[in-house]
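*Asks:*
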Amino acid sequence: MKAVTVLVCLILGSTAASSVDPSQSVFCDICEFVGDEVKGRVLTDDAKRQVIYMAKAACSHLPLFSKECSLAVDEHGKDWVDALFHLFDPDMLCSKAHLCDSKLESPLRDGEACTACMDGLDLVKTIIESEDMKGLLHVVVNETCMAVGGDVASCETLVDTIVDQILGNLVPMFNVKSLCVNAGACPAD
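Residues in the sequence shown are numbered from 41 upward in steps of one, following this note's numbering.
(1) Do Val181 and Glu169 come within 8 Å of each other at the CB atom, strictly closer than that value?
(2) Can you name the start and end residues of the alpha helix (DSSP H) that His126 belongs to?
(3) Taking DSSP as the reference, what is the three-state secondary structure of Gly160?
(4) If we ignore side chains and look at the alpha-carbon of each, how far apart do Gly75 and Lys174 end up?
(5) Report the rounded CA-to-CA distance for Val78 versus Asp131, giving the unit in angstroms.
(6) How is His138 classed by DSSP in three states: helix, strand or coil?
(7) Check whether the region 217-224 and the region 154-163 are in contact - that is, three or more C-beta pairs closer than 8 Å.
(8) Taking the continuous alpha helix (DSSP H) assigned at Ala193, which residues delimit it?
(9) Compare the Cα-Cα distances from Asp134 to each of Asp69, Asp85, Ile167 and report the closest residue.
(10) Could you check where the alpha helix (DSSP H) with Cys99 kicks off and where it finishes?
(11) Which of the three DSSP states is assigned to Gly75 in this structure?
(12) Using the C-alpha atoms, what's the distance from Val66 back to Glu171?
(13) Do you know offhand how far Met186's Cα is from Trp120's?
(14) Give me, in chain order, the residues of the same chain whose beta-carbon lies closer than 6 Å to that of Phe214; leave out the 5 immediate sequence neighbours on both sides.
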């Protein structure tokens, strides 16, 4: 029942977000209350243990890397789940939903956020488009095919073709300006 109430509040808040003046604190108060309730009642230590348990269960169903996956979850699972739960920030979410005024102070002056975003993502795009990255992916494919065994040449040909197609189709879609606008770092033109 609590989950349904939270869901209804979130839906009402998100549908009203487009026409809400953040200075009207009732919507902000509701959003922050729901966020704090979710953080305090749902994102608990018990929930963290359940996520780790489910991750280990998922590892056990992997045909090739079950043991490695399980070891990774044992070694790093708690840190990963802690980091994931830490991402749930009611103040930031309510601000992004335009239900509250932003309480987050940016260390960047006007325009600097856009420049930083564009420069950073241009660098990422350069790395993704580089022949070195393509070569590295092919090395990973080769090592994976050898680890799997069987007909290594056929495996490499098939996977290399798929990797090349993915890179050929997805990299051109990496639009730096659009990503920075959607992230809120740059103004929409």
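Note that the Cβ used here is the ideal one computed from N, Cα and C, for glycine as well.
*Replies:* Straight from the coordinates:
(1) no
(2) 106-126
(3) helix
(4) 42 Å
(5) 13 Å
(6) coil
(7) yes
(8) 192-210
(9) Looking at the sequence itself, residue 134 is Cys, so the reference to Asp does not match. Out of Asp69, Asp85, Ile167, Asp69 has the C-alpha closest to the C-alpha of Cys134.
(10) 85-99
(11) helix
(12) 53 Å
(13) 30 Å
(14) Lys165
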